[in-house]
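J.: Residue numbering for the sequence shown is 2 to 188, as defined by my numbering.
Every residue, glycine too, gets a C-beta built ideally from N, C-alpha and C.
Can you keep this structure in mind? I'll have questions shortly.
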Amino acid sequence: MKILAIPGSIRTGSYNMALLRAMSELTSNETNITVFEGLKDIPIFNPNSADHDIPLAVADLMLKIKASDGVIISTPEYIYGISGALKNLLDWLVSTGVLVSKPVVSTSVSTQALGAVRSHSSLVLILHAMNASVVVDGSMNVPRVNMKFDKEFHLTDDLTKQAIAVSLAALEQAVNNIDKSAIELAI
Ligand SMILES: Cc1cc2nc3c(=O)[nH]c(=O)nc-3n(C[C@H](O)[C@H](O)[C@H](O)COP(=O)(O)O)c2cc1C
């Protein structure tokens, strides 16, 4: 099973990136998670370009999503919302249909105590608006994230490791249960 994991932060030393890399290392043998590293290359969304003039970086991302059985999107929280970079990426994708009926797990991380639950709620609302198949049982919030990774960004927190196992199991189950013809019809 192929999963694409998209971090919503372009920050060097991003904990969203670290979480997705940890998830990619904790998968079962049947699952392969590729972490998307091109968020910083996505141009600012312009609806004029959405139909006929899709930038290469967006087209590349579309191909990666189409080739994936499921997607994980991880968001930071900036002023109670998702990052501008992630919202920009989702604005590009909405008219392409590549996320329609696609199983998507949403995760959020914050150095603060609530684990970015507000931006996470916002992300879930956006994914519903895009008709993605949100895997509710797979969603995960990681509060105080800076205390859960070491200086080399290796995950050290056992409870977070357990939460990842639950999240990935839910995603695998959702992928196995999905009606693939609904995805093919949408794109
Ligand atoms: C401009 C800015 C605004 C932020 N606002 C919030 C916030 O409203 N709530 C919160 O929990 N964390 C907030 N944070 C903290 C980030 O959510 C936290 O640093 C997160 O780990 C960033 O993700 P990253 O490590 O992947 O870049 C903010 C950080 C920045 C830079």
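Cβ of E78 within 7 Å of any heavy atom in ligand 1?
T.: Locating residue 78 in the sequence shown gives position 77, where the first residue counts as 1. Checking every heavy atom of ligand 1 against the Cβ of E78, one is found closer than 7 Å.
J.: CA-CA distance, Q113 and A166?
T.: For the purposes of this step, residue 113 is identified with residue 112 of the sequence shown, where counting begins at 1. For the purposes of this step, residue 166 is identified with residue 165 of the sequence shown, where counting begins at 1. Their backbone Cα atoms lie some 23 Å apart in a straight line.
J.: Going by beta-carbon coordinates alone, are T76 and S109 separated by less than 8 Å?
T.: Counted from its first residue, the sequence shown places residue 76 at position 75. Counted from its first residue, the sequence shown places residue 109 at position 108. Yes, Cβ-Cβ distance for T76 and S109 is below 8 Å.
J.: Taking 7 Å as the cut-off, is the beta-carbon of M141 closer than that to any non-hydrogen atom of ligand 1?
T.: As a first step, residue 141 must be located in the sequence shown, where it is residue number 140. No, the Cβ of M141 stays beyond 7 Å of every heavy atom of ligand 1.
J.: Can you determine whether any heavy atom of ligand 1 sits closer than 7 Å to the C-beta of T112, and answer yes or no?
T.: Residue numbering aside, residue 112 sits at position 111 when the sequence shown is read from its first letter. True, at least one ligand heavy atom lies under 7 Å from that Cβ.
J.: Just checking, does the segment 51-60 make contact with the segment 21-29 on the three C-beta pairs under 8 Å criterion?
T.: Verdict: no, contact absent.
J.: From the DSSP output, which residues share a beta bridge with P104?
T.: The residue you call residue 104 lines up with position 103 of the sequence shown. In the DSSP output, where bridge partners are listed per residue, P104 has S134.
J.: In terms of residues, what are the limits of the beta strand (DSSP E) holding T35?
T.: Working through the sequence shown from its first residue, we reach residue 35 at position 34. That run of the beta strand (DSSP E) goes 33-36.
J.: Looking at C-beta atoms only, is the number of pairs between the segment 127-137 and the segment 37-50 that lie closer than 8 Å three or more?
T.: Because the criterion of three Cβ pairs below 8 Å is not met, the segment 127-137 and the segment 37-50 do not touch.
J.: Pick out whichever of I179, L172, E38, S111 has its Cα sitting closest to the Cα of M148.
T.: Here the question's residue 148 lines up with position 147 in the sequence shown. Nearest C-alpha to M148: S111.
J.: Can you tell me the Cα-Cα spacing of L62 and L126, whole angstroms?
T.: Taking the sequence shown and counting its residues from 1, one reaches residue 62 at position 61. Taking the sequence shown and counting its residues from 1, one reaches residue 126 at position 125. Each residue's alpha carbon lies about 21 Å from the other.
J.: In the segment 48-83, which residue ranges form an unbroken beta strand (DSSP E) of at least 3 residues, counting only runs that do not cross its ends?
T.: Segments of the beta strand (DSSP E) lying fully in the segment 48-83: 71-76.
J.: Quick one: Cα of A215 to Cα of V72, how far?
T.: Residue 215 lies beyond the range of the chain shown here (2 to 188); nothing can be said about it.
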